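Student:
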Amino acid sequence: MKVPTSHDRDGASDRSTPARRTTRRWSVRRWALTLGVIVAIVAGAGALAYRALPDLVPDQRLRAALSDHVATWTGSEARLRHFGDISLDRGLRVALDDVVLAGSAGGVTWRIEVAALRASIRAMPLLRGKIEVGQLVLDRPRIRIHDGEISLPDTPITSDADGDAPDTPMPVGELILTDATIASSGMEALRGIDLRLAAAEETAGVLLSGGLPVGERRIGLEAWLENPLSAFSAEGSQARLALQNLPAQQPATVPSPPPQAATVALDQGRAARALLWVTDMLGLSPAGSLALEGQFALTPRALRIADASMSVKSLLFEGDLDVVLPGTAPPGQQLNRVLDGAGRAWEEVAEAFAAGTWRAAPLTLDWLAPVDITLDAGMREAGIAGPDLEARRLRLETRDANLNLSVRTSGDIGEMAAEAMLTPDTDTGGIRVDSNGRLDRVDLETLGEFIQAQAQAPPPLVSPMELPNGRLDGRYDLAARGETLGALLSSLDGSIEAEARDGSIAGADLILTLEAVAEGRRFMTERDGPLIPAAGRTYFDTVEGRVDFVPGRAELRRASIRGGRYAIELNGEAALPVGEMQVEGQASLHADDPDDEDAASLVDLPFGLGGTLSAPVVAVGVPNRDGDTDIRPASDRTSQ
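Residue numbering for the sequence shown follows this note's numbering, starting at 19 and increasing by one per position.
(1) Give the straight-line distance between the Cα atoms of Pro551 and Asp527, rounded to the nearest whole angstrom.
(2) In this structure, what does DSSP give as the bridge partners for Phe314?
(3) For the beta strand (DSSP E) containing Asn422, name the first residue and the last one.
(4) Take Leu239 as the anchor and find which of Pro246, Gly229, Asn245 and Ser248 has the nearest alpha-carbon.
(5) CB-CB under 7 Å to Ala387, same chain, minus the five flanking residues each way: which ones, in chain order?
(6) Using the Cβ count rule (16 or more neighbours within 10 Å means buried), how would you classify Val640?
(7) Where Asp77 and Val117 are concerned, what is the direct C-alpha to C-alpha distance, given to the nearest angstrom?
(8) Per DSSP, which one or two residues make a beta bridge with Arg540?
(9) Return the bridge partner residues of His608 from the DSSP annotation.
(10) For Glu408, which residues in the same chain have their Cβ closer than 6 Å to its Cβ, ignoring the five residues on either side in sequence?
(11) Which residue comes first and which comes last in the alpha helix (DSSP H) that contains Ser248?
(12) Just tell me which of Arg540, Arg555 and Gly359 has its CA closest to the CA of Leu549.
(13) Could you check whether the region 580-591 touches the region 502-514, counting it as contact only if at least three pairs of C-beta atoms, one from each stretch, sit closer than 8 Å?
(14) Is the beta carbon of Arg545 closer than 9 Å to that of Ser564?
(15) Among Gly361, Asp212 and Leu421, whose alpha-carbon lies nearest the alpha-carbon of Ala438?
(16) Between Val356 and the rest of its own chain, which residues show a CB-CB distance below 8 Å, the 5 nearest in sequence each way excluded?
(17) Grouping DSSP H, G and I as helix and E and B as strand, with all else coil, what is Leu381?
(18) Could you tell me whether the region 514-526 touches the region 551-561, using the rule of 3 or more Cβ pairs below 8 Å?
(19) What residue range is occupied by the uninterrupted beta strand (DSSP E) comprising Thr392?
(20) Quick check on this structure: which residue in Thr416, Thr382 and Arg410 has the alpha carbon closest to the alpha carbon of Ala395?
(21) Whole-angstrom Cβ separation of Leu490 and Val451, contact assumed at under 8 Å?
(22) What do you get for Met542, buried or exposed, if any count of 16 or more other CB atoms within 10 angstroms of its CB means buried?
(23) Looking only at its chain, what residues have a beta carbon closer than 7 Å to the beta carbon of Ala270, apart from the 5 residues adjacent to it on each side?
(24) With distances taken from CA atoms, which of Gly466, Arg146, Ile130 and Glu366 is nearest Asp157?
(25) DSSP puts Ser138 in a beta bridge; with which residues?
(26) Is the distance from the Cβ of Leu485 to the Cβ of Ile431 below 9 Å?
(27) What does the alpha-carbon distance come out to for the pair Thr375 and Ala572?
(28) Quick one, are the C-beta atoms of Leu620 and Leu532 less than 9 Å apart?
(29) From Gly597 to Ser632, what distance separates their C-alpha atoms?
(30) Using CA atoms only, rank isn't needed, just tell me which of Ala324, Ser251, Met328 and Ala218 is closest to Ala260.
(31) If you draw a straight line from the alpha carbon of Ala222 to that of Gln351, how long is it in whole angstroms?
(32) When burial is assigned at 16 or more other CB atoms within 10 Å of the CB, is Asp325 buried or exposed?
(33) With a Cβ-Cβ cutoff of 9 Å, do Gly121 and Glu150 count as a contact?
(34) Take the Cβ of Phe567 as the centre, count every other Cβ of all protein chains shown within 10 Å, and call the residue buried at 16 or more, exposed below.
(35) Helix, strand or coil for Leu213? Go by DSSP, reduced to three states.
(36) Rounded to the nearest angstrom, what separates Met434 and Arg493 at their Cα positions?
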């Protein structure tokens, strides 16, 4: 018997290879053909279903789906009213004109009149027999919010046939509003609002972006709500909010509005102007922004932000804010009274200043009566290169048009504390102000730099103004009352007392100026002209003074400035509120320390201050020189 060799086995293997390869090819082809047929059948069925499904979706279910989509976003019962057929097109989209949506929640009713509604339906849920809106766009909606006078359609519609829909369904998809108008009871409408609300996947969270045009600017908005339904209840929800002033022509973060919405009227009403004023007060420059995070709870009559942190420029505020409408009138009317009153008060003051009649600017707090505000917070400087500044206490409280403010700060600038109370004055019909405070070891230069940094002024074309320096201590206790700003100043009563040490004032070198006078410098003649101070800085050891206020007058007492070789004494008074003043003073240059009783006076230069506080006039008298004393210029002394 012949045993097969390896060569024989290899030959047999080679002879069987073509047949096996042919079998494999047919097997692969059969599977590919089968798979292709299956894919074609599925694709064909899907295409047929995709084309047929829109015709199979009843009008009633589309209404229900659109209503439920709005209901999940508003957290209320919503109903859609449209006089006409509702149907899907071949792209699984719904397009309707002249639509009305209405609903109610928490005793507040709302109504949305929509010029055009566009909605997209998700394909996969539709294949399973479920209608799910992916995106709902409301074009030029007019949203009206009221306390129960807006009637709802008679028949509620829900997407759940058994009526067992969950109490708090999570929002899905997107809700987009373009060129929206929002109005409430007794309030002026806000117009030109663009908003995009997008549901976060598998959570109850919602992302929001958009903008509100105000005048020639636009306030950009970005927000995140952990649970929007809880946010509009006493329970509250964690949330983040960012505001930014943008150019009006900057595109919104939502689909472009129609051409007619591109032009924004400058007159947006007091509500919008109040919003713009608030953003300006908070420091929202055209490139600035504001970020706020905390536990938000909003109900028809209250707003609470707990454990909040807010950043404005380089300042970080942390604390709690409560805003309550305690009255029985509709919340919209109460808010409108506050906004309308605040806007009117601000406009009247601004107009009076613009006309040069600032003394007649009216003062009132009646507009604050409908709202109670409590702000309890701290503040610190969060900038990398800025000074260390911390407000240990910042409390603002309003009740029945009474306003109380308390501030306490510390840090590199020094320590400052102030309290102020503003109350309506029944006697004058205006306001009464009581305020007191203190300054301890305040660094004047650091304080000036901090104020300049927060002002965010553009860089100067020339060298910036040199700031005074030194340490300042002060106390004040003031009270006033009146129905106009002029009357308030005329009634001012109290005192201000301050002392600065070891500093300097930029603009003139007083010692060089007095040395020139002592050496015989002539001035106020036709040939010599006025006395022009030498440029430089005047260094001082102490600056101290006290101003006592009595109704109609401010009296300057024991004011003095003392340096190494000079002394200035001042006293006088000013009439209020015009500010006409009569102040007499004398500047003296000494050979030695002016506090030394034996120090010789090289020159005494009397002077007077007249005019007004806003436009002072300086008159220099005849100097009294000691001609026997040798005076060397400061430049010579410095070189030794």
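Glycine included, every Cβ here is placed at the ideal spot set by N, Cα and C. Keep in mind that this is a model prediction, so the values were computed, not measured.
Tutor: In brief:
(1) Our two residues, Pro551 and Asp527, have alpha carbons roughly 7 Å apart in a direct line.
(2) Phe314 is bridged by DSSP to Ser255 and Ile323.
(3) Judged by DSSP secondary structure, Asn422 falls within the beta strand (DSSP E) whose first and last residues are Asn420 to Gly429.
(4) Ranking Pro246, Gly229, Asn245 and Ser248 by CA distance to the CA of Leu239 puts Gly229 first.
(5) Correct list, in chain order: Asp418 and Ala419.
(6) With fewer than 16 other Cβ atoms within 10 Å, it is exposed.
(7) For Asp77 and Val117, the distance between alpha carbons rounds to 15 Å.
(8) Paired residues: none, contrary to the question.
(9) Looking at the DSSP output, His608 bridges to Ser619.
(10) Excluding positions up to five away in sequence, the list reads Arg398, Ser428 and Gly429.
(11) For Ser248, the enclosing alpha helix (DSSP H) covers residues Pro246 to Ala249.
(12) For the set Arg540, Arg555 and Gly359, the Cα lying nearest the Cα of Leu549 is the one of Arg540.
(13) Below 8 Å, too few C-beta pairs join the region 580-591 and the region 502-514 to call them touching: fewer than three.
(14) A small fix is needed here, since residue 564 is Arg in this sequence, not Ser. A distance of 9 Å or more separates the beta carbons of Arg564 and Arg545.
(15) That would be Leu421, whose Cα lies nearest to the Cα of Ala438.
(16) Answer for Val356: Trp385, Leu386, Pro388 and Val389, listed in chain order.
(17) If DSSP states are grouped into helix, strand and coil, Leu381 belongs with coil.
(18) They touch, by the three-pair rule.
(19) DSSP places Thr392 inside the beta strand (DSSP E), whose first and last residues are Asp390 to Glu399.
(20) The residue with the shortest Cα to Cα distance from Ala395 is Arg410.
(21) That belief does not hold up - the Cβ atoms of Leu490 and Val451 are roughly 23 Å apart, past 8 Å.
(22) So Met542 ends up on the exposed side.
(23) Any reading at Ala270 must be qualified, since the residue scores a pLDDT of 43, below 50, and its modelled position is unreliable; the value itself is stated next. The answer, listed in chain order, is Asp212, Gly228 and Gly229.
(24) Taking only the C-alpha atoms, the option nearest Asp157 is Ile130.
(25) Arg111 and Gln153, per the DSSP bridge assignment.
(26) Between Leu485 and Ile431, the C-beta spacing is not below 9 Å.
(27) A direct Cα-Cα distance of roughly 21 Å separates Thr375 from Ala572.
(28) Annotated as proximal: Leu620 and Leu532, with beta-carbon spacing under 9 Å.
(29) Straight-line Cα distance between these residues: approximately 8 Å.
(30) That would be Met328, whose Cα lies nearest to the Cα of Ala260.
(31) Taking the straight line joining both Cα atoms gives about 32 Å.
(32) Exposed, by the Cβ-count rule.
(33) Result no, Cβ atoms of Gly121 and Glu150 do not sit closer than 9 Å.
(34) Around the beta-carbon of Phe567, 16 or more other beta-carbon atoms lie within 10 Å, marking it buried.
(35) Note: Leu213 maps to strand in three-state DSSP.
(36) A direct Cα-Cα distance of roughly 10 Å separates Met434 from Arg493.
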